[in-house]
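Have a look at the structure below, then the notes.
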Amino acid sequence: MSEPLESDGFEVRVVVPRDSLPMAPRPEYYSQRNCDLLGLSKRAFLELLRRPGAPPVTSVGKLRLVRRDSILAYLDGLAEQKERRMSKDARPSRDEADRLLLELGCTPGPADS
8 MSEPLESDGF EVRVVVPRDS LPMAPRPEYY SQRNCDLLGL SKRAFLELLR
58 RPGAPPVTSV GKLRLVRRDS ILAYLDGLAE QKERRMSKDA RPSRDEADRL
108 LLELGCTPGP ADS
């Protein structure tokens with residue numbers, strides 16, 4: 008914080024609850040102009056719309072508009088796919104683990120059910 012200025016007045020601090028602050032309404036449509044609200048760059052947003060399974064796009068001039076619920080559902084689906092892929096890749100298959108143990112000269116234990 009900056010140092011207080013010399014003055015004849017006084018300083019008052021007011022605590023305002025967050026609930027009483029006005030919230031900006033969420034946009035009904037996202038475009039390359041407001042895609043930063045989703046955490047995406049303009050380029051990433053436009054490339055995302057070209058992917059297979061992308062939500063329906065409405066073009067108005069150079070703007071590419073996508074409904075909020077559609078793009079959020081699509082992003083959720085992509086995140087779930089990534090999580091499934093990562094969890095599948097993180098767990099080595101039983102055959103791969105057995106092969107590694109045999110290479111090290113160990114005997115694989117019983118398979119867990």
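The opening residue of the sequence shown carries number 8 in the working numbering; numbering runs sequentially from there. Idealized CB from N, CA, C, for every residue including glycine.
The Cβ atoms of L72 and Y36 lie closer than 8 angstroms to each other.
Taken through DSSP and simplified to helix, strand or coil, L45 comes out as helix.
For R74, the enclosing beta strand (DSSP E) covers residues 70-74. In the DSSP annotation of this structure, the continuous segment of the beta strand (DSSP E) that includes S66 starts and ends at 65-67. Counting only the Cα atoms, V22 lies some 15 angstroms from P29. In summary, C113 is exposed, with fewer than 16 beta-carbon neighbours lying within 10 Å of its beta-carbon over all protein chains present.
For S38, the closest of V67, R58, D102 by C-alpha to C-alpha distance is V67.
By the Cβ rule, the stretch 75-91 counts as touching the stretch 53-63, because three or more pairs are nearer than 8 angstroms. Closest in alpha carbon position to D76, among K69, G46, P62, K89, is P62.
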